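Take a look at the structure set out below.
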Amino acid sequence: MKKLAVLFVVSAGLCMAACRPAAQKQEGAVPQAASAVPDSVITCSGRLVMGHEAYSFTPDGDTLSYWVVDRSGELKKRYEEALPAGAEPYTPVSAELKVKMLGPSSEGFAAEYDGVVEVQAIIRVGE
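Using mature numbering (1 follows the signal peptide of the UniProt record, and there is no 0), the letters of the sequence shown map in sequence onto residues -17 to -1, 1 to 110.
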């Protein structure tokens, strides 16, 4: 369990290299320290991949992938609209999302990812 906690802390740190707190969205804002600990809300740009059995997001500049929870169903619609004609399943699409970090999961497909994020707001998909 301690190794899992250390892995999550390292993962969160790497995620923060590509993400910024939602409060820093304005141009010229003074950066503040943010921690991607469970229950923190951050805004990230990255690569979104959705398919029959996987919804994942990898922040720009990061190698960690997060399972995506989108309770509204809107993200899937926006992802499908952004796909080029004839795209293969699981084609990555650029996206900027405001997400809540939920930490790692021990259940289902989500357990195979570095952590879980819950979509709070969709800023852009494929633009």
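Note that the Cβ used here is the ideal one computed from N, Cα and C, for glycine as well.
Just so it is clear, the structure is predicted and the values come from calculations on it, not from any experiment.
Per DSSP, the continuous beta strand (DSSP E) segment holding L80 begins and ends at V76 to G86. Our two residues, T26 and E71, have alpha carbons roughly 27 Å apart in a direct line.
The beta carbons of V82 and V108 sit about 13 Å from each other, so the pair does not count as a contact at 8 Å.
About 16 Å separates the beta carbon of M84 from that of D43, a gap too long to meet the 8 Å contact definition.
Rounded to the nearest whole angstrom, the C-alpha separation of D53 and E101 is 6 Å.
Burial of Y62 is indicated by the presence of at least 16 other C-beta atoms within 10 angstroms of its C-beta. Taken through DSSP and simplified to helix, strand or coil, Y62 comes out as helix. Taking the Cα of G91 as reference, the smallest distance to any Cα among D45, V51 and Y73 is reached at V51.
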